[in-house]
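Note that my numbering has the sequence shown beginning at 663, numbered continuously upward.
All residues carry an ideal CB built from backbone N, CA and C; glycine is no exception.
No experiment lies behind these values; they were computed from the predicted model shown.
One structure below.
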Amino acid sequence: MSFTVVKRIGISIPHSILKELQNLVPERKRSEYIVRALQERLEEEKKKRLREEMVKGYKANADIDAAIAEEWRPLEEDAGKFIGVKETKTKPYRRRSGVLPKKR
């Protein structure tokens, strides 16, 4: 059995939110409810920040990634011929400056 260290804090919330909490959540369950809500929000925030950092990294490395892809193109084409993939007309891997593909 594991024990979690719990700290008591004082917070201020608007009266209208407190009333909603009191109406929806039983008194003995409010701390648990607030902790779960905070955990969910913190996880969302972490994911959002990670996505932002990834986008920054992709943008910063886009030109290098395109150059590497272009270097490997002949090998990929040879491999495609070897396994029987039909050749298609391809354009060089180039990125339009400042433009990322749309989200799907």
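Does residue i come out as helix, strand or coil in the three-state DSSP assignment?
i	result
residue 744	helix
residue 688	coil
residue 703	helix
residue 672	coil
Using C-beta distances below 8 Å, list every residue in its chain close to residue i, excluding the 5 sequence neighbours before and after it, in chain order.
i	result
residue 701	none
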